[in-house]
Structure formats: C-alpha cells, structure tokens
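A short worksheet on the structure shown next.
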Amino acid sequence: MLKKLSIAALVVFLAIWPIFTTNPYYVHTAVMIGIMVILAVGLNLLFGYTGQISLAHATFYAIGAYATSLLEVHAGLSFWVTTPIAIIFAVIVAIFIGIPTLKLKDHYLALATLALCLVTTLFLLNAKWLTNGAEGVMGIQAPTIFGYPLQGVALYYFVALFTLIIFIMIRNLVNSRVGIALETIRENEEAAESLGVNVLYYKVMVFAISGALAAFAGSIYAHLTLFVSPESFALPLSIEVLVIIVVGGLASMAGSVVGAVVITLLPEFLYEFEEYRLLVYGVILLLVVIFAPKGIVGLFSSFVGFIRGKLSGEKVNEPEEAAEREQV
Amino acid sequence: MILQIIISGITMGCIYAMVGFGFALVFNSSQIMNFAQGEFLMLGAMMHYTGTVVLKLPFIVSLFLSLVTISLVAVLIEALAINPLRKKGASIVMMVCAFISFSIIFKNLAEVIWGKYPLVIQGFFSQEIFNLGNSSIQSQSVAVIGAAVVSMFLLWYFFSKTMFGMALVASAFNPKMAHLCGVNVRGMIITSFILSGASSALAGVVVGPISFVSSFIGFDLGIKGFCAAAIGGMGSPVGAIIGGLLLGLLEAILGVYISTAYSTIMAFIILLVVLYVRPQGILGVSSR
C-alpha cells in the first residue's frame, strides 16, 4: 500500500515539476537522467540479472545516435522512421556480435566487449566518409509531433513516458518465467542448461534487448543535443553505465533508477571540483564494490530491515530479510 | 627501411610483452584480470619523471624508486580490495569492477598530480638516433629490448631455479595443494602483485622517452598488454611474450603499409578473433 502510494506520488511529481521551473538546464538534465535510466535498465538486465558483463553498451548507444542522425541528415527521413530502423539495426548487430561473444565468460567477456567498444570508437573516428570523424554529425532537426517540435519540456514528457513504459516492460520480463531462467543462467550455467534453459538463446536475446534499449537511448540523445561526435560514445560512457548499476544495485529495477539519478546529478554537486570528478567516480565505485556490493538499494533495504527489527524488538537476520524483500 | 620497421615493432612488442607478462602473473596466481595493469606502467613512468627531472636523482636511483613505489601500489591494491573481496567470496565481475575503479582513480590522480600535458623524460642513452646500414634506429629501442630481456631472464631464473619461485608456480597451479604443502598462498599472491607492478613500472620507465608520458598512456599500452596476454594465452607468461612480439610487429608493419589508425583496429580485431576461435589463447591450456 505504502509502496503503491509512493510510486503514485513519484509519478505525479515527475509529471508536474516542469511547470514550476523556467530553467531549461534542469529539463535538459532530467532528459539525460531518462536516457541514463534506459541505458542502465538495459545493462542491468544483461549484467545484473543474467550475469553477463558488457563494456560494449556504448557501441549500441552509438548505433542509435549515428544511425538516426545520418539517415536524417543524408536521407531526409524523420525521427519516427529512423528510430525504429536504428533499433532494428542494433538488434541485428547484437545478434551477430552476441552469438560468438556470449560464449565467453567473465574476464574473457569483459575483454571482448572492451575490444568491441574500442573498435567502435576507432571506427567512428576514422571512417570519415560515413561519420565525419572527430568533427561529428551536425544539422540534426528536433523531431516534430503533430507539427509541434519535440524539444525542451515536450521532449522531457516524451522521454519520461517512454522511460516509464520501458521500465514496466523490463520489470514484467524479469518477474516472468524468463526472468527466472536468466537468474539461473547467472548463478549456474550448467544447471540452467540441464533444466532445459537454452543458455545461448537467452543470453543473445537479452543482449539484443539491451542493445535495442541502448540504441533508443542513443537516438534520444542525438535529438536532445542535435549533434553527435565520437567522444560521447566511447569507453567512459560504458563505464558510467556500469558504475550506475553497480552503485544503484545489481539485479534491481529500482537500483537502475536510483543509480542513474545519483550518478547523473553527482557532477552538478561536484561542480567546484571539476577536475576531480572522475576521481570521485572511481572512489565511489570502489567503496561500493568493497563495502556495499548490493548498491544503494541493497543498503537501503538492509537498513529498513534493521529498523523493523528494532521496532518489533526481535532479532531479524538481515541478509534473509533483504533477500525476501528483493523477491517481492 | 624494413629493418627499421622490424626493430620498432620489436620495441613496442617488448613493452606489450612486459605489461602482458605482469598481467599473466597476477592472473596465474589469483585468476583475476588486472584491468589496472596499464596504470602501473603510467605511474612507473610518472615516478621516473619525478625522480629524474624534479628531484634530479641519478638514473639508477630513480628507476629503483619507481619500481619500489609501484610495487607498493600493487600491494596496496591487493590489501585494500582484492583480499577483502576474496574473503567475502565476491564474484569475479565485482573484482573486475574493483580494478576498473582503481584504473579510473590512478588515471585521474595522475592528471591531478602531474597535469594533463605530456611530459618528456630522458632516455637511457644521450644520443637519440644511431644509424645501422641505411636505416636509423632509436637508441632507446636498445634500452627497451635490453630491459625486456633482462627482466624476462630474471623472472625465468626466479620461477625455475629458486625455491620461492617454484612455490609461486605451485600455488598458481593448485592453491589448495600448495597450501597443504606449507606454501603461504596469500604471500604468493602478494609476491605476484609485486612482480607484476615492478615489471610494468620498468616498461613505463623505458617506454617513456619513446612515447612521452601522460596520464593516457596507461590505458592505451595496458590494453595492448591485455591483447598480448590474451593472444598468447591468458595466464601463460611465455605466451604473453610471444603475443606481445607478434602484436608489436604486426602493428608496425600494418602501420607503415596501411595506416596507423587501422593497425590499432586490427590489433583489437585479432584479439576478438583469437577470443572467439581459441579463447585459451595460442599457448593456453583449455582446461583452465
């Protein structure tokens, strides 16, 4: 009951806050948070739930951004046509790359996806005939809906709506039988295989879904900034999304959102320490990995468990409590 | 011309081999991929810059200082993050995340301490280039190849002729069995971190005069080191040397005859092909 009320309050808040602000920078940041949530939900599905680490998330983000902007600038197609094309293209790439790559495990997977990410950046920088190299692609138009340009607050509502839809879709997916199969793959591949789970099929499927989400996020990003260049899609972006889900909480839908909000807003608070920003990222990631491997959401739920134990005067076993809560 | 290309290929190959070797050492003893290995190289070069240029120490003293400092940094990583995570039974990917965060921390710390602009450090020889036949060769190449050969020889001697080195090999091969035979496995892991830190730092000191020194080189050269180790066979030190030399030569040849940008792409594509076709690497054993 309390949970439903707080979710309703959150939705209402997200719907009405732009009315009370005139600062376009806040709206811009809110759209960025939405993009990060979409990216994080995709990677959390792949890494948190299915246990497949990927540093190639930026590759699919780049596909989304470059495919839409190149098709628009050169072929004159509209956002509503190019975005589905980009998503389908990302899915095809994900299937082709995923089949050989996802046979690898742990370190090898990290290394292979790292190499894919670096190849992407080098390609974007050097294939000048297609991507215009380091100068990037300019002249992207804001999409229009019923003749009304989708920018500023309108873009915010569009992104908020789709972020919500994607969140609900992925939440339903991880709570379904498929979600159980994915977590079994994470815990023990051989056991999953022996229970009749087609491991490679599910891994590639999840890789394709997370790739499609990243491509969608990339398309939104291109239409937020109206300019794309290779450095926005390099390794730091992959690492940032990884930091988001580890800090927020692996295998937790709420974790993706909390992480995206915290990590996207953090630079605003660290504004005065501009040159130490990445350093702070690194320290936070390290502290979370060592002291709170379940992320902020894990910390919060064990804190709630602790308080409840105090209130009811019983000794509650914290890890069990946290585990129960996660299943809800 | 062709001799010049081969020597510059071997020079970079030696650097990749030294990083890859350090990488293989840690992977062997703890089954962890040290994603911060390249940063050891960068920090080694930076420390050497501070030693020779800022503190004006003699070359040998500065080199020694740099090796010791980076070894200590490596031990610090083991003590602060890797050992606690192992005790908790954390998954491998969490350790990868820990190393990634160390890599971010070191890179940005170096930027804060030494600044963003590339620094110049003195080579081992005073004369920069000498001529051999009709090709001119960077004298620092000799220092790089020499450092690689000497460090490889010392490590070979350590691993195959000393009791301590053999204990390290044993604990890498089978930690439980080695523990039962009275080998201090944690001590061995720390030793391998020290050796890997020192060999990467040495690589940094000798590569510094060739590539300049900035906070970025750790990542670039570290990635190539990973490629070397993975191509040769993860956890096989000899494989890392072969992989490094192959990579260096290939890059030099492609760089001259095709283009430098695409030679780097080729390095990663070769890595991917090796991972797909033969994940254990050229010399690796598939059962691991």
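Going line by line, the protein sequences match chains X and A.
Heads up, the working numbering is the position in the first sequence plus 79, with the first residue counted as 1.
Once you know that position 105 of the second sequence is 90 in the working numbering, the rest is easy, because the numbers rise by one and skip nothing.
Virtual Cβ for every residue (Gly too), placed ideally from N, Cα, C.
Quiz item: Buried or exposed: which applies to residue 408 of chain X, given that a residue is buried once 16 or more other Cβ atoms fall within 10 Å of its Cβ?
Solution: Chain X is shown only over 80 to 407; residue 408 of chain X falls outside these bounds and no answer can be derived.
Quiz item: Would a check of beta-carbon distances place residue 273 of chain A closer than 8 Å to chain X?
Solution: Residue placement at residue 273 of chain A is flagged as unreliable, the pLDDT there being 39, under the threshold of 50; a coordinate-derived value is accordingly withheld.
Quiz item: With C-beta atoms as the reference, is residue 221 of chain X less than 8 Å away from residue 305 of chain X?
Solution: Yes, they are a contact pair.
Quiz item: Do the region 24 to 37 of chain A and the region 85 to 96 of chain A make contact, defined as three or more Cβ pairs closer than 8 Å?
Solution: In short, these stretches touch, since the Cβ pair count reaches three.
Quiz prompt | residue 131 of chain A to residue 179 of chain A span [Cα, whole Å] | solution = The straight-line gap from Cα to Cα measures roughly 21 Å.
Quiz item: From residue 170 of chain A to residue 214 of chain A, what does the alpha carbon distance come to, in whole angstroms?
Solution: Each residue's Cα considered, the two are about 23 Å apart.
Quiz item: So, using beta-carbon positions, are residue 266 of chain A and residue 240 of chain A closer together than 8 Å?
Solution: No, the pair does not count as a contact, with Cβ atoms beyond the cut-off.
Quiz item: Using the rule of at least 16 other Cβ atoms within 10 Å of the residue's Cβ for burial, across every protein chain shown, is residue 177 of chain X buried or exposed?
Solution: By the 10 Å Cβ count, residue 177 of chain X comes out buried.
Practice problem: Assign residue 134 of chain X to one of three DSSP states: helix, strand, or coil. | Solution: Of the three classes helix, strand and coil, the one that applies to residue 134 of chain X here is coil, per DSSP.
Quiz item: Does the Cβ of residue 227 of chain X have 16 or more other Cβ atoms within 10 Å, making it buried, or fewer, making it exposed?
Solution: So residue 227 of chain X counts as exposed.
Quiz item: Nearest CA to the CA of residue 100 of chain A: which residue from A:35, A:69 and A:43?
Solution: The shortest Cα separation from residue 100 of chain A among A:35, A:69 and A:43 belongs to A:35.
Practice problem: Determine whether the Cβ of residue 19 of chain A lies closer than 8 Å to any Cβ atom of chain X. | Solution: Not closer than 8 Å to any Cβ of chain X, the Cβ of residue 19 of chain A fails to qualify, so no.
Self-check item: Proximity test, residue 108 of chain X beta-carbon vs the ligand MN heavy atom, cut-off 7 Å
Solution: Absence of the ligand MN from the depicted structure is noted, as is the absence of any ligand whatsoever, leaving it without description.
Quiz item: Interface residues of chain A around residue 368 of chain X at Cβ under 7 Å?
Solution: Per Cβ cutoff of 7 Å: 79, 82, 83 and 86.
Exercise. Assign residue -11 of chain A to one of three DSSP states: helix, strand, or coil.
Key: Note: residue -11 of chain A maps to helix in three-state DSSP.
Quiz item: For chain A, is any of its Cβ atoms less than 8 Å away from the one on residue 358 of chain X?
Solution: Judged by the 8 Å Cβ criterion, residue 358 of chain X is in contact with chain A.
Quiz item: Listed from N- to C-terminal order along the chain, which residues in the region 246 to 262 of chain A have their beta-carbon within a distance smaller than 8 Å of any beta-carbon of chain X?
Solution: Within the region 246 to 262 of chain A, the residues whose Cβ lies closer than 8 Å to some Cβ of chain X are 246, 247, 249, 250, 253, 254, 256, 257, 260 and 261, listed in chain order.
Exercise. Verify the CB distance criterion: does residue 202 of chain X have a CB-CB separation below 8 Å to chain A?
Key: With respect to chain A, the C-beta atom of residue 202 of chain X has a partner C-beta closer than 8 Å.
Self-check item: Residue of X:128, X:242, X:214 and X:150 minimising C-alpha distance to residue 255 of chain X
Solution: Closest option to residue 255 of chain X, Cα to Cα, is X:128.
Exercise. May I ask which residues mark the beginning and end of the beta strand (DSSP E) holding residue 122 of chain A?
Key: Residue range 120 to 123 is occupied by the beta strand (DSSP E) that includes residue 122 of chain A.
Quiz item: Once you ignore the five residues that flank residue 181 of chain X on each side, which residues in its own chain have a CB closer than 8 Å to its CB?
Solution: 131, 188, 279, 282, 283 and 286, listed in sequence order.
Self-check item: Segment limits, alpha helix (DSSP H) that includes residue 25 of chain A
Solution: Annotation for residue 25 of chain A: the continuous alpha helix (DSSP H) segment containing it runs 22 to 34.
Exercise. Would you mind working out which of X:122, X:82, X:354 and X:99 sits nearest residue 335 of chain X, comparing C-alpha positions?
Key: It is X:122.
Self-check item: Min CB distance residue 327 of chain X to chain A below 8 Å
Solution: Not flagged as an interface residue toward chain A: residue 327 of chain X, since no C-beta distance is shorter than 8 Å.
Practice problem: Taking C-beta pairs closer than 7 Å, name the residues in chain A that residue 361 of chain X reaches, listed in chain order. | Solution: Correct list: 86, 89, 90 and 93.
Quiz item: Does any residue of chain A bring its CB to less than 8 Å from the CB of residue 179 of chain X?
Solution: Residue 179 of chain X counts as touching chain A.
Exercise. Under the assumption that residue 173 of chain A contacts residue 152 of chain A (Cβ atoms under 8 Å), give the Cβ distance between them as a whole number of angstroms.
Key: That pair is a contact at about 7 Å.
Exercise. Pull up the distance between the alpha-carbon of residue 125 of chain X and that of residue 155 of chain A, whole angstroms please.
Key: If I take the Cα positions, the gap works out to 37 Å.
Practice problem: Determine the burial state of residue 92 of chain X: buried for a count of at least 16 other Cβ atoms within 10 Å of its Cβ, exposed for fewer. | Solution: It counts as exposed.
Quiz item: Based on Cα-Cα distance, which residue from A:252, A:217, A:48 and A:147 lies nearest to residue 184 of chain A?
Solution: When only C-alpha atoms are compared, the closest one is A:48.
Quiz item: Exposed or buried, which one is residue 327 of chain X when buried takes at least 16 other CB atoms within 10 Å?
Solution: Its Cβ being crowded by 16 or more others within 10 Å, residue 327 of chain X is buried.
Exercise. In the DSSP assignment, find the unbroken alpha helix (DSSP H) run with residue 366 of chain X in it and report its ends.
Key: Residues 356 to 370.
Quiz item: Going along chain A, which residues have a C-beta under 8 Å from residue 318 of chain X?
Solution: 85 and 89, listed in chain order.
Quiz prompt | Identity of the residues DSSP links to residue 378 of chain X by a beta bridge | solution = BP columns for residue 378 of chain X are empty, so no partner.
Practice problem: Inspect the CB distances between the region 68 to 78 of chain A and the region 194 to 211 of chain A and report whether three or more fall short of 8 Å. | Solution: With the cut-off at 8 Å, the region 68 to 78 of chain A and the region 194 to 211 of chain A do not touch.
Exercise. Take residue 107 of chain A and list the residues in its own chain whose beta-carbon comes closer than 7 Å to its own, dropping the five residues that flank it on each side.
Key: The answer, listed in chain order, is 37 and 194.
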